[in-house]
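**Student:** Under the numbering used here, the first residue of the sequence shown is numbered 251, with each subsequent residue one higher. Glycine is no exception: its CB is placed at the ideal position from the N, C-alpha and C atoms. Treat the numbers as computed from the prediction; the structure is a model and nothing was measured.
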Amino acid sequence: MTTIVLVRGDITRQSADAIVNAANSSLLGGGGVDGAIHRRGGPAILADCRALRASHYGKGLPTGQAVATTAGELDARWVIHTVGPRFLPEEDRSELLASCYRESLRVADELGARSVAFPAVSAGIYGWPMDDAARIAVETVRAVETAVEEVRFVLFDERAYEAFAARLR
Ligand code: AR6
C-alpha cells in the first residue's frame, strides 16, 4: 500500500529517500524547482547530471522519462530528474505527464526508495493548468504498482495545495 501525503512547502526542505526534480531535457538546471534543487543541493547534482549526459543522454533526457543522481546536500539519498511536457492547448500531452510519475516511481523502485517527494511537474514554467496537473498526478500515482510506501506531493502555494487536496478527497 502506498500512502499519498500532501505537504505545502519547499521541496528542497523535505526529507525523503528520493526527491523528484521537474527538470528539462538538458539536465543542466533551470528555474523553478530545478533551480532550487541545484542551489540547495550543491554542485554534486550537476556533476552527476553532466556525467549522465555524457554517458547516456547526449541528445537530452526525453520528455516523460526519469533518471536518478545523488542528492548532494539535500536531505535525501537521490534526486530523480524527470522531464515534464510543456502544456500545449491544441495537443493532449497528458500521457507524457502521467509517464513522468510512472517512470519516477519505476526508478524509485529500482533504487529501493521507500519515500518519494514530488513537485507539481509541468505546472509552473511549463504552463500546465494546476487542476489538470493535480488530476493526472493523483490518478497516475494511485494506479501505479510500486514498493514505495509514501508518495508525498510537495506543493509550493495554497492554490496548488488545494488543487491536489480536491483530487484526493
Ligand atoms: N518546492 C516545491 N515546489 C516548487 C518549488 C519548490 N522549491 N519551486 C517551484 N515550485 P516548475 P515545470 C512549484 O516551473 O513547470 C525549469 O526551468 C511551482 O510553483 O519548477 O515542470 C526546468 O529546468 C510549480 O507549481 O517546473 C524546466 O525548464 C511546480 O513547482 C522547466 O522549469 C513546477 O514548476 C520545468 O517547468
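Less than 7 Å between the CB of P312 and some heavy atom of the ligand AR6, yes or no?
**Tutor:** Here residue 312 corresponds to residue number 62 of the sequence shown, with the count starting at 1. Answer for P312: no, Cβ out of range of the ligand AR6.
**Student:** Determine, for E360, whether the minimum Cβ-Cβ distance to residues of chain B falls below 8 Å.
**Tutor:** Among the chains in the structure shown there is no chain B, since it carries only a single protein chain.
**Student:** Can you tell me whether L278 is helix, strand or coil according to DSSP?
**Tutor:** For the purposes of this step, residue 278 is identified with residue 28 of the sequence shown, where counting begins at 1. Coil, per DSSP.
**Student:** Report yes if the CB atom of T396 is closer than 8 Å to the CB atom of D359, and no otherwise.
**Tutor:** Position 146 of the sequence shown, counted from the start, is the residue given in the question as residue 396. Position 109 of the sequence shown, counted from the start, is the residue given in the question as residue 359. In this structure, D359 lies closer than 8 Å to T396 by Cβ.
**Student:** In angstroms, rounded to a whole number, what distance separates the CA positions of D298 and Y411?
**Tutor:** One-based indexing of the sequence shown puts residue 298 at position 48. One-based indexing of the sequence shown puts residue 411 at position 161. Taking the straight line from one Cα to the other gives about 31 Å.
**Student:** CB of G291 to nearest heavy atom of the ligand AR6: below 7 Å?
**Tutor:** Along the sequence shown, read from residue 1 onward, the residue named residue 291 stands at position 41. For the ligand AR6, not one heavy atom lies less than 7 Å from the Cβ of G291.
**Student:** Let's see if you can read the secondary structure: which residues bound the beta strand (DSSP E) around T253?
**Tutor:** Counted from its first residue, the sequence shown places residue 253 at position 3. 253-258 is the extent of the beta strand (DSSP E) around T253.
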